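If you're matching positions, the sequence shown starts at 2 in our numbering and goes up one per residue.
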Amino acid sequence: MAYRIEDLRRDLRSRNTPLQRRIDGWLWRRRNARALARSAPDKDALRVVFAIPLISRARAENWDRVQETLRATLHCLERQSDPRWYAIICCQDRPERVSFGERVRFVPFPQVLEGWDKHAKAVHARHWIANHLRGAGYYFALDADDLMHPDLVRYILTDDNRSGYLIEKGYMLDYATLDLAVLQPADAAYPEATHFYRSCGSSSAIWFDFDCGADFLTALAARGNHRKVVRNMGYLGFDVGMIPFHAAVYVMNHGDNLRQKRGLMSGKMKHFDVNPVRDRARASDIGESFGFGELFPGRWPEAKLAPAD
Numbered sequence: 002m003a004y005r006i007e008d009l010r011r012d013l014r015s016r017n018t019p020l021q022r023r024i025d026g027w028l029w030r031r032r033n034a035r036a037l038a039r040s041a042p043d044k045d046a047l048r049v050v051f052a053i054p055l056i057s058r059a060r061a062e063n064w065d066r067v068q069e070t071l072r073a074t075l076h077c078l079e080r081q082s083d084p085r086w087y088a089i090i091c092c093q094d095r096p097e098r099v100s101f102g103e104r105v106r107f108v109p110f111p112q113v114l115e116g117w118d119k120h121a122k123a124v125h126a127r128h129w130i131a132n133h134l135r136g137a138g139y140y141f142a143l144d145a146d147d148l149m150h151p152d153l154v155r156y157i158l159t160d161d162n163r164s165g166y167l168i169e170k171g172y173m174l175d176y177a178t179l180d181l182a183v184l185q186p187a188d189a190a191y192p193e194a195t196h197f198y199r200s201c202g203s204s205s206a207i208w209f210d211f212d213c214g215a216d217f218l219t220a221l222a223a224r225g226n227h228r229k230v231v232r233n234m235g236y237l238g239f240d241v242g243m244i245p246f247h248a249a250v251y252v253m254n255h256g257d258n259l260r261q262k263r264g265l266m267s268g269k270m271k272h273f274d275v276n277p278v279r280d281r282a283r284a285s286d287i288g289e290s291f292g293f294g295e296l297f298p299g300r301w302p303e304a305k306l307a308p309a310d
């Protein structure tokens, strides 16, 4: 599809046209070829590092609810079948209802910016990871309200393709009603469904090795838009693979979604009408897999899933 002139001008300024991306990728591979050839980290020492930019107390509609959804996100990480992960939470305000420690770290964001600061927090978190965690593994940009399958870390670190992974199959959850919708490649049952990564930014894990000397900060920043991860990382020589199971839940409609604050919710919410999880047994299995009973006590009752009269 042809560029609109305003889109072309914007992408030229940000070096985001396909040609610019391809040239920059070739230059990155050439500059870092020797360092990348030295990269041979111990597989047992690998980690998945979840970088979580958190909305500030001042910008939040409800700070207690922000912390509640963050705690749910962290609880899903604590349920991982493979414990080799870190979570880095970047915000101006330290959440008082979160327990921090060796695995869950708080990184203060030292600025107050006009407008949305999610991107700036992600940049700050990446630099902190490069300077303080070092090592090798997979960088996962995670929103502070989305839920990960308990086998996500294990799959990534067991398969370990040294490039990256993309979530193409998952679900959407309406926080207010706990209704579920499918996000996946279209099939006979859901002919209007769309890939998870096209809707949700919490969908990619990108390889890094900060100890080999290659410029992985530039590589991680090159991920760009979550819809274009395969293309953008491919320019750098990363062969991003697809996670084969429904690996995440995109949580909507809790009042502090960025898209909701920008008045852009209607398109997303249509998924609940077009691609609902219709089968009660499947909904029950999803709830069990992601721990909904623990995440939403009193709100995920068996009565909700009982067969209709």
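Built from N, CA and C at the ideal position, the CB exists for glycine as well.
No experiment lies behind these values; they were computed from the predicted model shown.
Beta-carbon proximity check, residue i vs residue j, cutoff 8 Å
| i | j | result |
| --- | --- | --- |
| ARG66 | ILE89 | no |
| MET149 | ALA248 | yes |
| HIS76 | GLY214 | no |
| ARG30 | GLY235 | no |
| ARG232 | TYR198 | no |
| ARG300 | LEU179 | yes |
| ARG279 | ASP212 | no |
| CYS201 | TYR140 | no |
| ASN162 | GLY242 | yes |
| ARG16 | ASP25 | yes |
| GLN112 | ALA126 | no |
| GLN185 | ALA194 | yes |
| PRO151 | ARG60 | no |
Simplified DSSP assignment, three categories, for residue i
| i | result |
| --- | --- |
| ASP310 | Note that ASP310 scores a pLDDT of 48, beneath 50, so its modelled location is shaky; the value from the coordinates is reported in the next line. Note: ASP310 maps to coil in three-state DSSP. |
| GLY26 | helix |
| CYS213 | coil |
| ALA123 | helix |
| PHE107 | strand |
| PHE297 | coil |
| VAL250 | strand |
| LEU167 | strand |
| GLY202 | coil |
| TRP86 | strand |
| PHE291 | helix |
| TRP117 | coil |
| ALA1 | Any answer about residue 1 is impossible in this case: the structure gives the chain only from 2 up to 310. |
| VAL241 | coil |
| VAL231 | helix |
| PRO19 | helix |
| LEU48 | The sequence given here has Arg at residue 48, not Leu. Note: ARG48 maps to strand in three-state DSSP. |
Rounded C-alpha distance that separates residue i from residue j
| i | j | result |
| --- | --- | --- |
| LEU153 | ASP144 | 16 Å |
| ASN63 | CYS92 | 15 Å |
| VAL50 | ASN276 | 31 Å |
| ILE56 | LYS119 | 7 Å |
| ASP147 | LEU71 | 8 Å |
| ALA142 | ALA223 | 13 Å |
| PRO192 | PHE246 | 18 Å |
| ARG48 | HIS255 | 30 Å |
| ALA131 | HIS272 | 37 Å |
| GLU97 | ARG58 | 11 Å |
| GLY171 | ALA46 | 28 Å |
| ILE244 | ILE53 | 21 Å |
| PHE297 | GLY138 | 31 Å |
| ARG104 | ARG95 | 16 Å |
| ALA123 | SER40 | 25 Å |
| ALA34 | LEU28 | 10 Å |
| ARG11 | HIS196 | 26 Å |
| ALA38 | ASP240 | 16 Å |
| ALA220 | PRO19 | 16 Å |
| ARG5 | GLY102 | 48 Å |
| ASP188 | HIS133 | 44 Å |
| ASP310 | LEU158 | Because the pLDDT of ASP310 is 48, which lies under 50, any placement of that residue in the model is unreliable, and the question is left without a value. |
| GLY288 | SER203 | 19 Å |
| GLN1 | VAL230 | Because the chain spans 2 through 310 in this model, residue 1 falls outside it and cannot be assessed. |
Supposed close pair residue i, residue j - CB separation, criterion 8 Å
| i | j | result |
| --- | --- | --- |
| ALA284 | LEU181 | 6 Å |
| TRP86 | VAL108 | About 16 Å separates the two Cβ atoms, so there is no contact after all. |
| ASP43 | ARG155 | Contact doesn't hold; Cβ gap of about 17 Å is too wide. |
| ARG32 | ASP216 | 7 Å |
Cβ of residue i within 8 Å of any chain B Cβ
| i | result |
| --- | --- |
| ASP240 | As a matter of chain content, chain B is missing from the structure shown, which is built from one protein chain. |
| query | Below 8 Å, can you find three or more Cβ-Cβ pairs linking the segment 207-227 to the segment 160-172? | reply | Yes, the segment 207-227 touches the segment 160-172.
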